[in-house]
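The next block holds one structure in the form of structure tokens; read it before the comments.
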Amino acid sequence: MRGISSWGAYLPYRRLDKTQIALFVGQGGGKGTRTVASFDEDTTTMAVEAGRIALRRTSVMPTQLMFATVSPTYTDKTNATIVHAALRLDDSALCIDLGSSVRSAMGGLILAVRSSGVNIVASADIRSGLAGSSEEANSGDAAAAFVICDETDAPLAAEFIGATSATEEFIDRWRAPGSQRTKTWDEKFSEVTYAPLAQSAWKKALQDAGIQASDIAMVAVSSPSARISSAVAAKLGVARVLDNLSAVVGINGAAQPGVLLALLLEQSEPDQIVALVSLTDGADVMLFRTTKHLPLVQPDTTVAQQLACGAPISYGRFLSWRTMLAIEPPRRPEPQRVSATASARNENWKYGFVGSRDTTTGAVHLPPLRVSADGQRTDNMKDAPMADVLGTIATFTIDRLAYSPSPPIVFAVVDFDGGGRFPVELCDIDADEISIGARVRMTFRRLSITDDIPNYFWKATLVRTP
Amino acid sequence: MASHGIKDQIAIIGMGCTNFVEHWNLGLDDLIVNAANECYSSVGIGKDAVDAYWLGTAQGGMSGITLARPLQLQNKPVTRVENYCATGSEALRQAAYAVASGAYDIAMALGVEKTKDSGFQGLNATPPPNDGTGRTLTAAAMFSMVTPAYGKKFGVDPNELREAVARVAWKNHYNGARNSRAQFRKEVSMETIKNSPKMAGDLGLFDCAGVADGAAAAIVCRAQDAHKYTDKPLFIKALSFVAGNGSGLTDPAYDYTTFPEIAACAVDAYEQAGITNPSKQIALAEVHDCFTITELVLMEDLLFSERGTAWRDILDGRFDLHGQLPVNPDGGLKSFGHPVGASGLRMMFEAWLQLRGEAGADRQIRTDRTLALTHNLGGYPGEMVSFISILGSQLG
Numbered sequence: 001m002r003g004i005s006s007w008g009a010y011l012p013y014r015r016l017d018k019t020q021i022a023l024f025v026g027q028g029g030g031k032g033t034r035t036v037a038s039f040d041e042d043t044t045t046m047a048v049e050a051g052r053i054a055l056r057r058t059s060v061m062p063t064q065l066m067f068a069t070v071s072p073t074y075t076d077k078t079n080a081t082i083v084h085a086a087l088r089l090d091d092s093a094l095c096i097d098l099g100s101s102v103r104s105a106m107g108g109l110i111l112a113v114r115s116s117g118v119n120i121v122a123s124a125d126i127r128s129g130l131a132g133s134s135e136e137a138n139s140g141d142a143a144a145a146f147v148i149c150d151e152t153d154a155p156l157a158a159e160f161i162g163a164t165s166a167t168e169e170f171i172d173r174w175r176a177p178g179s180q181r182t183k184t185w186d187e188k189f190s191e192v193t194y195a196p197l198a199q200s201a202w203k204k205a206l207q208d209a210g211i212q213a214s215d216i217a218m219v220a221v222s223s224p225s226a227r228i229s230s231a232v233a234a235k236l237g238v239a240r241v242l243d244n245l246s247a248v249v250g251i252n253g254a255a256q257p258g259v260l261l262a263l264l265l266e267q268s269e270p271d272q273i274v275a276l277v278s279l280t281d282g283a284d285v286m287l288f289r290t291t292k293h294l295p296l297v298q299p300d301t302t303v304a305q306q307l308a309c310g311a312p313i314s315y316g317r318f319l320s321w322r323t324m325l326a327i328e329p330p331r332r333p334e335p336q337r338v339s340a341t342a343s344a345r346n347e348n349w350k351y352g353f354v355g356s357r358d359t360t361t362g363a364v365h366l367p368p369l370r371v372s373a374d375g376q377r378t379d380n381m382k383d384a385p386m387a388d389v390l391g392t393i394a395t396f397t398i399d400r401l402a403y404s405p406s407p408p409i410v411f412a413v414v415d416f417d418g419g420g421r422f423p424v425e426l427c428d429i430d431a432d433e434i435s436i437g438a439r440v441r442m443t444f445r446r447l448s449i450t451d452d453i454p455n456y457f458w459k460a461t462l463v464r465t466p
Numbered sequence: 467m468a469s470h471g472i473k474d475q476i477a478i479i480g481m482g483c484t485n486f487v488e489h490w491n492l493g494l495d496d497l498i499v500n501a502a503n504e505c506y507s508s509v510g511i512g513k514d515a516v517d518a519y520w521l522g523t524a525q526g527g528m529s530g531i532t533l534a535r536p537l538q539l540q541n542k543p544v545t546r547v548e549n550y551c552a553t554g555s556e557a558l559r560q561a562a563y564a565v566a567s568g569a570y571d572i573a574m575a576l577g578v579e580k581t582k583d584s585g586f587q588g589l590n591a592t593p594p595p596n597d598g599t600g601r602t603l604t605a606a607a608m609f610s611m612v613t614p615a616y617g618k619k620f621g622v623d624p625n626e627l628r629e630a631v632a633r634v635a636w637k638n639h640y641n642g643a644r645n646s647r648a649q650f651r652k653e654v655s656m657e658t659i660k661n662s663p664k665m666a667g668d669l670g671l672f673d674c675a676g677v678a679d680g681a682a683a684a685i686v687c688r689a690q691d692a693h694k695y696t697d698k699p700l701f702i703k704a705l706s707f708v709a710g711n712g713s714g715l716t717d718p719a720y721d722y723t724t725f726p727e728i729a730a731c732a733v734d735a736y737e738q739a740g741i742t743n744p745s746k747q748i749a750l751a752e753v754h755d756c757f758t759i760t761e762l763v764l765m766e767d768l769l770f771s772e773r774g775t776a777w778r779d780i781l782d783g784r785f786d787l788h789g790q791l792p793v794n795p796d797g798g799l800k801s802f803g804h805p806v807g808a809s810g811l812r813m814m815f816e817a818w819l820q821l822r823g824e825a826g827a828d829r830q831i832r833t834d835r836t837l838a839l840t841h842n843l844g845g846y847p848g849e850m851v852s853f854i855s856i857l858g859s860q861l862g
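Protein chains in written order, with the working numbering: chain A, 1 to 466; chain B, 467 to 862.
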């Protein structure tokens, strides 16, 4: 038996109140909110965060990583290798990107359950559109990750029952590579095309599994629009349809099937059949049966918690973060391009936030040092992985002069539990929120991008509880 | 472990210092030529009489050629040194040691920086290619973390502490206003200082040093030869340097209320000079007031004030131009300006003027003490270099 061992969904901290859009642009927007990835996040960093949540609930080491997004930071070069480095997966793992269409995300999940070994499947998307467009208002940014393996590898929270697909070529929504604007045909055309595809895949899934729709406790439908999702869901015959979060999070593109599957598992009881239907250039259905292990592997960071913790972002700042509105930067030099060779040498530190611990004194060095703090011993160190260690703010400042794509910089000296100090930038924080003694955790971010090379490293963020 | 020093072995026999301002019409070479020529004239020798040169510049250029070309030196040894904001002091230190070693009879140290050609605010350094994980914070932000930490540790009311650091800026502007070579020559009211826009943390615009272009130079020779060139040489009593190992950034025990590198440097300098009671023996101090809170903490690290009391000594006027121990009588970095590579030698230039009684009626300090201290730091709290010199007008 194969299935899901653990999972994680990641929602960025900021929420755009969509009523702001029309006030600014004179058109677009609507009711509700959408999630907004920060200026220092990209699909890769969000996939890392989802992957970290998933891996904290399992003991297995993935041997295969698939990362699906429609908004990759690199093309040609693999983005999944960055996720691999930040998650500190084994060097022997296969790491691939899946793209460049939304469907690749659901496809990754299906490939993983049909594959062998321990897989981690991550998906992430940052979605927007032109100012005032429905795409901008209805989308949201998110990521999800699933550890998929055999029951002999690790206890399964949800056993895979089956997957079916129905495929048809039709021009529904499209985007030229590199463009910020997704274009759409007539939504009614999409709806009438998706409905029979969904029915076809759904019937076959039930048939293959030898079950009735009434046997299914809950279904989640992922599609390019809330309207198509509800129209299709209404005809599936399942008692409970999962709220697709379109009013608070938005439609997440490649991340949506994963986010909804995570929420499905979050809201399920053990020993239930649940279904995920994804409509993108066809229809894909996955069926799972939850197990007694389900409550034990519920993530330490749930979708519900993240929904409760968001904070508002102004529309102007949202536009600047999506590079739709250029704002005046501080008059300071822009960041240099990072050195590929230095980054490769320091992979554990840069991507994994691994310091060194003096095996004699126990002192933690961030960044890692070869020579002990008293200068007496060389190479008397072991790895000190600090990415999941919480810390406390010893002192802090607000830098209004330093270069940042979104000034000012909130900066703190962080003392980690069990030893180690690191002065580090904070993210997802307003300047008046910081205080000495506040608790922080580390998060993987993109500090800058120069010469098309993103500079990934870690920042701290407040530990927030709903 | 030994730090013997070279007390009374070496003398400064001449100095030069350009105005420190935004020299839009002068380049690095002009600044070098102007400071060097003033320095040669003050000794009364030509450039050929100088056996070896040390150039201090943080970013002005690489190698000794940066000095040899504008001065058109003929087959002279020139060494370019860099040690953060202590670069100019480092040049003097190397020149003095070279003469003390017997390798040369006469050496020049020249510090220079052309900061205003970048088009950016503040000081900017270009790091070597790296993995992108280093801090990109401004110096102002790093030093701004000292103020709340100091107030908390010593229980100083934030308003009183704000008053004390504003008083540092007020004093240094008062002094700079009387100095024709200073960048900012206006007195500034306490209200203006306290209400200036915030740059980082609680540090406002008037808490930050001025950024200027400038150059300063000194010529040294053996002490026994000094009176051949001048009736009033300055004798080097101590040259101390500490390069921090960055432990303050990673050691949870560091509390941002002191600069340990400077405290260690001060102990070494006082031992070299045989000083046992610095606040009673020193006539004036030129210290690295890159930010107002920095000068406050320096008063304690240099042992001028007891721990936790410098803020009160500042408010009492102890370090004013005519206080018990004038600090930064030339205006300091705050008002005189800070061309990185030149600042250390500019501090010594003020010691040169004051101990020789040549500062001018407006700002000459009144004292019978004969020792001056200059102090330079570079870097940030937790990771800095420290330089201290002690100079005296008398032998012994």
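Each residue gets a CB set at the ideal place from its N, CA and C atoms; glycine is no exception.
Quick one: give me the first and last residue of the beta strand (DSSP E) that Phe24 of chain A is part of.
Per DSSP, Phe24 of chain A belongs to no beta strand (DSSP E); it is in the alpha helix (DSSP H), 19–25.
So, helix, strand or coil for Trp636 of chain B, using DSSP?
helix
Tell me which same chain residues have a C-beta within less than 6 Å of the C-beta of Glu727 of chain B, skipping the five on either side of it?
Val708, Gly710, Met850, Ser852
For the region 708–722 of chain B, which residues have a beta carbon sitting closer than 7 Å to at least one beta carbon of chain A?
Ser713, Leu715, Thr716, Asp717, Pro718, Tyr722
Can you have a look at Ser314 of chain A and say buried or exposed, based on whether 16 or more other CB atoms are within 10 angstroms of its CB?
exposed
Would you verify that the beta carbon of Ile607 of chain B is, or is not, closer than 8 Å to some beta carbon of chain A?
Note that residue 607 of chain B is Ala in the sequence shown, not Ile. Cβ-Cβ to chain A under 8 Å: yes for Ala607 of chain B.
How about Pro299 of chain A and Arg114 of chain A: do their beta carbons lie closer than 8 Å?
no
Extract the residue ranges of the beta strand (DSSP E) inside the region 350–375 of chain A, only unbroken runs of 3 or more that lie entirely within it.
The qualifying runs are 354–358.
Run through DSSP, which three-state label would His84 of chain A get?
In the three-state reduction of the DSSP assignment, His84 of chain A falls in the helix class, which pools H, G and I.
Using 10 angstroms around the beta-carbon of Glu556 of chain B, count the other beta-carbons present and answer buried if the total reaches 16, otherwise exposed.
buried
Looking at the secondary structure, which residues open and close the beta strand (DSSP E) in which Asp125 of chain A lies?
119–125
Anything in chain C within Cβ reach of Asn590 of chain B, meaning under 8 Å, just list it in chain order.
Among the protein chains of the structure shown, namely A and B, there is no chain C.
State yes or no: is the beta carbon of Met665 of chain B nearer than 8 Å to at least one beta carbon in chain A?
Closer than 8 Å to some Cβ of chain A, the Cβ of Met665 of chain B qualifies, so yes.
With 8 Å set as the bound, which would you pick, yes or no: does the beta-carbon of Gln525 of chain B sit closer than that to a beta-carbon of chain A?
Between Gln525 of chain B and chain A, the shortest Cβ-Cβ separation is not below 8 Å.
Could you round the C-beta distance between Ser448 of chain A and Trp321 of chain A to whole angstroms and report it? I think they count as a contact, below 8 Å.
With 8 Å as the limit, Ser448 of chain A and Trp321 of chain A do not qualify as a contact, their Cβ atoms being about 13 Å apart.
Mapping DSSP to helix, strand and coil, what is Thr43 of chain A?
helix
Between Trp458 of chain A and the rest of its own chain, which residues show a CB-CB distance below 8 Å, the 5 nearest in sequence each way excluded?
Apart from the 5 residues on each side of it in sequence, Trp458 of chain A sits with its Cβ closer than 8 Å to the Cβ of Phe353, Ala387, Val424, Met442, Thr443, Phe444, Arg445 in its chain, given in chain order.
Kindly indicate the opening and closing residues of the beta strand (DSSP E) around Ile148 of chain A.
142–150
Could you give the DSSP three-state label for Ala201 of chain A: helix, strand or coil?
Reduced to three states, the DSSP call for Ala201 of chain A is helix.
If we define contact as Cβ-Cβ less than 8 Å, is Ala675 of chain B a contact residue for chain A?
no
In terms of residue numbering, what span does the alpha helix (DSSP H) encompassing Ala575 of chain B cover?
Where Ala575 of chain B is concerned, there is no enclosing alpha helix (DSSP H), although the beta strand (DSSP E) it sits in stretches over 572–579.
For Pro312 of chain A, does the three-state DSSP call read helix, strand or coil?
strand
Among A:Val48, A:Thr182, A:Ala158, which has the Cα closest to the Cα of Ala124 of chain A?
A:Val48
Between the region 592–604 of chain B and chain A, which residues of the former have CB atoms less than 8 Å from a CB of the latter, in chain order?
Thr592, Pro593, Pro595, Asn596, Asp597, Gly598, Thr599, Arg601, Thr602, Leu603, Thr604
If distances are taken between C-alpha atoms only, which option among A:Ala137, A:Val102, A:Asp97 comes closest to Asp17 of chain A?
Of A:Ala137, A:Val102, A:Asp97, the residue nearest in Cα terms is A:Ala137.
Is any beta-carbon of chain B found at less than 8 Å from that of Asp399 of chain A?
yes
Return the residues of the region 572–590 of chain B that lie within a Cβ-Cβ distance of less than 7 Å from chain A, sorted by chain order.
Residues of the region 572–590 of chain B that bring their beta carbon within less than 7 Å of a beta carbon in chain A comprise Phe586, Gln587, Gly588, Asn590, in sequence order.
How should Gln538 of chain B be labelled, buried or exposed, when 16 other C-beta atoms within 10 angstroms of its C-beta is the threshold for buried?
exposed
Within 10 angstroms of the Cβ of Ile171 of chain A, are there 16 or more other Cβ atoms? Answer buried if so, exposed if not.
exposed
Quick one: what does DSSP say Tyr846 of chain B is sitting in, helix, strand or coil?
strand
With a floor of 3 residues, list each beta strand (DSSP E) that falls wholly inside the region 162–235 of chain A, ordered by position along the chain.
216–222
If I'm right that Leu390 of chain A touches Glu433 of chain A with Cβ under 8 Å, what's the distance once you round it to whole angstroms?
Not quite, the Cβ-Cβ distance comes to about 17 Å (not below 8 Å), so this is no contact.
Considering only DSSP beta bridges, list what His841 of chain B is partnered with.
Partner(s): B:Ile854.
Give me, in chain order, the residues of the same chain whose beta-carbon lies closer than 6 Å to that of Gly774 of chain B; leave out the 5 immediate sequence neighbours on both sides.
Phe620
Where Ser662 of chain B and Thr758 of chain B are concerned, what is the direct C-alpha to C-alpha distance, given to the nearest angstrom?
13 Å
Buried or exposed: where does His788 of chain B fall if 16 or more other Cβ atoms within 10 Å of its Cβ makes it buried?
Exposed: under 16 other Cβ atoms inside 10 Å.
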